[in-house]
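*Asks:* Residue numbers (this note's numbering): 266 to 539.
Ideal Cβ placement from N, Cα and C applies to all residues, glycine included.
All figures in this text were calculated on a predicted structure; none of them were measured in a lab.
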Ligand SMILES: [Zn+2]
């Protein structure tokens, strides 16, 4: 409206003013059209921007999903400790159960053994050292219900070519007849006498079975000697194994016999802790 008044005030012709107004309106319409055309583009760009921000926001959650691996690693580090601790506790109990030894100590045997040496002579105690200590030979005294001291007196006074290093009595007492390294006459073979320790054992009856007290002391003595001299089970033998004499009677015999079973039971009772 203000522009039309300015044209009229200029004083030019109405036809010329009409064309000018027409031209201006065309220009204005063209400008308005151009503006209307550009505005949709801006709106489209605005709609595309949100979509682009949605895609970027969708990427960031993927980076946050990398956190779970951190929660898995602590779970795996917690598992090893319970696996390592149980084996350590399982290995300890067997060590404590196998530790104690049942073989009598030197001190225990010193209290059990009575040293009563035979007089040196030409038949029972010649006073010579053995050449080796490889075997232990078990005998029975073949005189029922006699004591260890009575059998010691027999060796001392009878004058027979017989002796032993030890005598185990009816009550479990033990008499040592000579120093442990000296040879005694018990096995009937010289080479065996010089390689072995001889033990005579008392018995209450004619069957030759050892009493419980005698048996227990004999097991202690043999177990102690086996450990002291490194003697194995197979080298604990009977007079029967050397010459075939039925000695010790209750424990004599070949494999399969009653006497042999008694002997094997005795050898199984010997304590070996090596
Ligand atoms: Zn014998």
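1. Ligand 1 and residue 512: does any heavy atom of the ligand fall closer than 7 Å to the residue's C-beta?
2. If we count the other Cβ atoms within 10 Å of its Cβ and call it buried at 16 or more, is residue 444 buried or exposed?
3. Can we say the segment 494–513 touches the segment 374–391, given the rule of at least three CB pairs closer than 8 Å?
4. Do residue 384 and residue 421 have their CB atoms nearer than 8 Å?
5. Would you report the Cα separation of residue 494 and residue 398, rounded to the nearest angstrom?
6. Helix, strand or coil for residue 463 per DSSP?
7. In three-state DSSP terms, what is residue 531?
8. Work out the CA separation of residue 435 and residue 411 for me, nearest whole Å.
9. Check residue 493 in the structure and name its three-state DSSP category.
10. Does the beta-carbon of residue 527, which I'm using as the reference point, lie nearer than 7 Å to any heavy atom of ligand 1?
11. How would you label residue 521, buried or exposed, when you count the other beta carbons within 10 angstroms and need 16 or more for buried?
12. Exposed or buried, residue 473, counting other C-beta atoms within 10 Å across all chains shown (16 or more means buried)?
13. In this structure, how does DSSP classify residue 426 when only helix, strand and coil are distinguished?
14. DSSP state of residue 445, grouped into three classes?
15. Shorter than 7 Å, the distance from the beta carbon of residue 468 to the closest heavy atom of ligand 1, or not?
16. Between 396, 376, 477, which has its C-alpha nearest residue 441's C-alpha?
17. For residue 465, collect the residues of the same chain with a Cβ closer than 8 Å to its Cβ; drop the 5 residues on either side in sequence, then sort them by chain order.
18. Given a threshold of 16 other Cβ atoms within 10 Å of its Cβ, counted over all protein chains shown, does residue 229 qualify as buried or as exposed?
19. Select from 478, 418, 492 the residue whose C-alpha is nearest the C-alpha of residue 370.
20. Does the distance between the C-beta of residue 504 and the nearest non-hydrogen atom of ligand 1 fall short of 7 Å?
21. So who's on the other strand from residue 405, going by DSSP bridges?
22. Using 8 Å for Cβ pairs, my map puts residue 536 next to residue 368. What's the rounded Cβ distance?
23. Do residue 394 and residue 475 count as a contact pair if the criterion is CB distance below 8 Å?
*Replies:* In brief:
1. Numbered from 1 along the chain shown, position 247 holds the residue referred to as residue 512. Yes, ligand 1 has a heavy atom inside 7 Å of this Cβ.
2. Here residue 444 refers to the residue found at position 179 when the chain shown is read from its first residue. Under this definition residue 444 is an exposed residue.
3. no
4. Taking the chain shown and counting its residues from 1, the one referred to as residue 384 is at position 119. Taking the chain shown and counting its residues from 1, the one referred to as residue 421 is at position 156. Against a cut-off of 8 Å, the Cβ pair of residue 421 and residue 384 comes out as a contact.
5. The residue you call residue 494 lines up with position 229 of the chain shown. The residue you call residue 398 lines up with position 133 of the chain shown. Their Cα atoms are separated by approximately 7 Å.
6. Locating residue 463 in the chain shown gives position 198, where the first residue counts as 1. Here residue 463 sits in strand by DSSP.
7. In the chain shown, counting from the first residue as 1, residue 531 sits at position 266. Three-state DSSP puts residue 531 in a helix.
8. Looking up residue 411 in the chain shown gives position 146. Looking up residue 435 in the chain shown gives position 170. Roughly 8 Å between the two C-alpha positions.
9. For the purposes of this step, residue 493 is identified with residue 228 of the chain shown, where counting begins at 1. Helix, per DSSP.
10. Translated into the one-based positions of the chain shown, residue 527 becomes position 262. No, the beta carbon of residue 527 sits no closer than 7 Å to any heavy atom of ligand 1.
11. To locate residue 521, count along the chain shown from 1; it is residue 256. Label assigned to residue 521: exposed.
12. On the chain shown, position 208 is the one that residue 473 refers to. Result: buried.
13. Walking along the chain shown from the start, residue 426 turns up at place 161. Here residue 426 sits in coil by DSSP.
14. As a first step, residue 445 is located in the chain shown; it is residue number 180 there, counting from the start. Three-state result, residue 445: coil.
15. The residue given as residue 468 occupies position 203 in the chain shown. No, the Cβ of residue 468 stays beyond 7 Å of every heavy atom of ligand 1.
16. By one-based count along the chain shown, residue 441 stands at place 176. Considering only alpha carbons, the answer is 376.
17. Position 200 of the chain shown holds residue 465. These residues qualify, in order along the chain: 404, 405, 406, 416, 429, 431, 432, 433, 451.
18. An answer regarding residue 229 cannot be provided, because it is not within the stretch 266 to 539 covered by the chain.
19. As a working note, residue 370 is residue 105 in the chain shown. Cα-wise, what sits closest to residue 370 is 492.
20. Taking the chain shown and counting its residues from 1, one reaches residue 504 at position 239. True, at least one ligand heavy atom lies under 7 Å from that Cβ.
21. Along the chain shown, read from residue 1 onward, the residue named residue 405 stands at position 140. According to DSSP, residue 405 bridges with 466.
22. Taking the chain shown and counting its residues from 1, one reaches residue 536 at position 271. Taking the chain shown and counting its residues from 1, one reaches residue 368 at position 103. The pair is a contact, with the Cβ atoms about 5 Å apart (cut-off 8 Å).
23. Within the chain shown, the letter at position 210 stands for residue 475. Within the chain shown, the letter at position 129 stands for residue 394. No; because the gap between Cβ atoms is not below 8 Å, this pair is not in contact.
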